[in-house]
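Residue numbering for the sequence shown follows this note's numbering, starting at 179 and increasing by one per position.
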Amino acid sequence: MSDIDPAILDARLTAQRRLLARLVAALEPAARQPVIDWLGQRETLRDGQEDPGAVPTEDVGPALATAEEFRMILRLTQDRLHETDQG
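As C-alpha cells, then:
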C-alpha cells in the first residue's frame, strides 16, 4: 500500500468522503439527524485537554486524522444539504 502515489490516495479519499456525505444527505431527516449528531460528536479529538491536541502525546496523529475525517464528512454533508435546500 505504501507504493501508492499520495495524489492518487488523496483522490480516493476525497471520492469516499463525497460518497459518504451524499449517502448521509440522502437519508430521511429522522434517520439523517442521528448520523449528523454522531459525526458532530466525533469531529473534535477528545483527549481530556481543554484545547484538544494542543499538547502532543504519543499516537495522537491517528486520532487527530480520524477527527478531521469526521469533520470533513460532516461539512460535505452540510454543504450537500444546503445545495439541496437551494436547488
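Glycine included, each C-beta is placed from N, C-alpha and C at the ideal position.
Contact defined as beta carbons within less than 8 Å: I believe residue i pairs with residue j. What is the distance between those atoms, to the nearest angstrom?
i             : j           : result
threonine 262 : alanine 208 : In fact, because the Cβ distance is near 16 Å, the residues do not count as touching under 8 Å.
glycine 218   : leucine 252 : 6 Å
leucine 223   : alanine 245 : 4 Å
Grab the span of the alpha helix (DSSP H) containing residue i for me, first residue to last.
i            : result
leucine 191  : 184–204
glycine 265  : Segment: none, glycine 265 is in no alpha helix (DSSP H) and carries neither H nor E.
arginine 220 : 207–220
Taking just the CA atoms, how far does residue j sit from residue i?
i             : j            : result
aspartate 181 : alanine 189  : 15 Å
alanine 249   : glycine 265  : First, the residue type needs correcting, since residue 249 is arginine and not alanine in the sequence shown. Going from the Cα of arginine 249 to the Cα of glycine 265 covers about 24 Å.
arginine 220  : alanine 241  : 10 Å
arginine 195  : proline 184  : 16 Å
threonine 255 : arginine 210 : 10 Å
leucine 131   : valine 213   : Residue 131 cannot be examined here, being either before or after the span of the chain that is shown, 179 to 265.
alanine 199   : valine 238   : 25 Å
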